[in-house]
Amino acid sequence: MASPQLAPEVSTFYTHVYDEDARLTSSADGRLELLRTQELLRRFLPQAPARVLDVGGGTGVHARWLVGDGYAVDLVDPVVRHVEQARRVCAAALGDARQLDAGDGAYDVVTLLGPLYHLPDRDDRLRALREAARVVRPGGLVAAAAINRYASLFEHTALAHLHTPRLRDSIADILTTATYDGRRGFTVSYFHRAEELAAELRTAGLRDVQVFGVEGPSWSLLKAVEHATGAPPDDTLVQSALTAARLAEPYPELLAASSHLLAVGHTPG
Ligand SMILES: C[S@@+](CC[C@H](N)C(=O)[O-])C[C@H]1O[C@@H](n2cnc3c(N)ncnc32)[C@H](O)[C@@H]1O
8 MASPQLAPEV
18 STFYTHVYDE
28 DARLTSSADG
38 RLELLRTQEL
48 LRRFLPQAPA
58 RVLDVGGGTG
68 VHARWLVGDG
78 YAVDLVDPVV
88 RHVEQARRVC
98 AAALGDARQL
108 DAGDGAYDVV
118 TLLGPLYHLP
128 DRDDRLRALR
138 EAARVVRPGG
148 LVAAAAINRY
158 ASLFEHTALA
168 HLHTPRLRDS
178 IADILTTATY
188 DGRRGFTVSY
198 FHRAEELAAE
208 LRTAGLRDVQ
218 VFGVEGPSWS
228 LLKAVEHATG
238 APPDDTLVQS
248 ALTAARLAEP
258 YPELLAASSH
268 LLAVGHTPG
């Protein structure tokens, strides 16, 4: 089978436009995403030491704390710049989620915290999830993140952008098509609804699938305060947002309010 090609817009975005290494540490909502991803994953990870493959692991921001927790982490990412940065943290190689080099059952855990965002075609997303399921041992864990369908609506409302026709039309387009073509700002992307993400994991053969809202309902408030004051929000506001994310967890109707979704599932066995 021919190797899948990364969309050139995605490669250009992460190579020349955006510093992914700072995304989860330089803003309050990024730090909230990191904290909540950690706390949700730690609920499901097998006890260390265990073998983790971080697919689309970027510059190794998650690999760093996973290694710190005692896991043996390998990372693959299709962007050369990311792989070079990730090598400071763990073994890292160029690779695409849709065609992994790892052997069947080689890992206890596969994380896909990014690739699904950038695969607008459902067949590509299923291929990535099936590859993750293939390289995990029977009974192993697959964790996959997605950007929420409604994230841009919340973000651009909080930043008071929606009075401009260009942004209003762009957000309306994302809401109806679930995709963004990468014209400006962000790059080519796909935006999931929670039930759709769960269905994709099940279609890929994963069991006991659960979906969590990562940031909870208050992340866009952090963004708005940071934007308006030019400074990080007070720690009490960040703690409130974190508490809100935890309080929201039992209520599936609040899944739509998070910026990111995290789905977990296990391979049969
Ligand atoms: C928003 S970043 C997330 C990075 C990191 N996993 C995190 O959560 O902070 C999205 C990542 O997905 C990677 N990516 C995009 N398309 C991919 C594909 N087809 N296969 C694997 N990774 C991909 C990008 O290179 C980028 O590193």
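Going by this note's numbering, the first residue of the sequence shown is number 8, and it counts up by one from there.
The beta carbon of each residue, even a glycine, is placed where N, CA and C say it ideally should be.
Look at the alpha carbon of residue i and the alpha carbon of residue j, and state the distance between them as a whole number of angstroms.
| i | j | result |
| --- | --- | --- |
| aspartate 6 | histidine 69 | Absent from the structure is residue 6, since the part of the chain shown begins at 8 and ends at 276. |
| arginine 190 | glutamate 16 | 9 Å |
| leucine 33 | leucine 42 | The question names leucine, yet the displayed sequence has serine at residue 33. When rounded, the distance between both Cα atoms is 13 Å. |
| phenylalanine 51 | aspartate 115 | 11 Å |
| glycine 102 | leucine 244 | 39 Å |
| valine 142 | aspartate 108 | 9 Å |
| aspartate 128 | histidine 199 | 12 Å |
| arginine 137 | valine 24 | 31 Å |
| tyrosine 187 | alanine 29 | 23 Å |
| valine 96 | histidine 163 | 34 Å |
| valine 86 | threonine 66 | 9 Å |
| alanine 152 | alanine 57 | 21 Å |
| valine 62 | glutamate 233 | 31 Å |
| glutamate 203 | tryptophan 72 | 29 Å |
| glycine 110 | threonine 171 | 50 Å |
| proline 224 | glutamine 45 | 18 Å |
| alanine 255 | arginine 144 | 32 Å |
| aspartate 241 | serine 227 | 15 Å |
| alanine 99 | alanine 93 | 6 Å |
| leucine 169 | leucine 182 | 14 Å |
| arginine 156 | alanine 179 | 11 Å |
| isoleucine 154 | leucine 160 | 12 Å |
| valine 216 | glutamine 246 | 28 Å |
Who are the Cβ neighbours of residue i in its own chain at under 7 Å, not counting the five residues just before and after it?
| i | result |
| --- | --- |
| alanine 135 | Ala104, Arg105, Leu119, Pro122, Leu123, Leu126 |
| arginine 88 | Tyr21, Thr22 |
Quick one: what does DSSP say residue i is sitting in, helix, strand or coil?
| i | result |
| --- | --- |
| serine 196 | strand |
| proline 172 | helix |
| alanine 165 | helix |
| glycine 37 | helix |
| valine 17 | helix |
| arginine 214 | strand |
| glycine 223 | helix |
| leucine 31 | coil |
| glycine 147 | strand |
| tyrosine 124 | helix |
| aspartate 242 | helix |
| glutamine 45 | helix |
| arginine 58 | strand |
Here's a check: name, in chain order, each residue in its chain whose Cβ is nearer than 6 Å to the Cβ of residue i, leaving out the five neighbours to either side.
| i | result |
| --- | --- |
| alanine 231 | Ala165 |
| leucine 262 | Ala201, Gly220 |
| alanine 139 | Val117, Leu119, Val149 |
State the CB to CB distance for the pair residue i and residue j, rounded to an integer number of angstroms; the pair is presumed to be in contact (CB under 8 Å).
| i | j | result |
| --- | --- | --- |
| leucine 278 | alanine 150 | Lying outside 8 to 276, the shown extent of the chain, residue 278 is not represented and no answer is given. |
| aspartate 84 | leucine 60 | Actually they do not touch by this definition, with Cβ atoms about 11 Å apart. |
For residue i, I'd like the list of residues in its chain whose CB is within less than 8 Å of its CB, leaving aside the five on either flank, ordered along the chain.
| i | result |
| --- | --- |
| glutamate 222 | Asp36, Leu39, Glu40, Arg43, Ala248, Ala252, Ser265, Ser266, His267 |
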